[in-house]
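Report on the following structure.
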Amino acid sequence: MPNVTKDQFIAVLDEAGITAEQKARLHAAFEKRYPEAHQSFLEWLGFPADAIRDIRVRSRA
């Protein structure tokens, strides 16, 4: 089964009306509750390592 790409997933979130602020809260909650799973999910979506690091750092702020 093929993975959903990062761009496809973001497009679905956008189509569902998820705002940038809501996406940031989602990342923060994911990072707080399940940091290793958050890392794995971002990798699965195909985010590059530097973007994953930046997302995770911002999510902890």
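For the sequence shown, position 59 (counting from the first letter as 1) is numbered 62 according to the numbering used here, and the numbering increases by one without interruption.
Quick reminder that beta carbons are idealized off the backbone N, C-alpha and C, glycines included.
- If you draw a straight line from the Cα of Gln42 to the Cα of Pro51, it is about 11 angstroms long.
- For Pro38, the three-state secondary structure derived from DSSP is helix.
- The Cβ-Cβ distance between Phe44 and Ser62 does not fall below 9 angstroms.
- Bounds of the alpha helix (DSSP H) holding Ala14 are Lys9 to Glu18.
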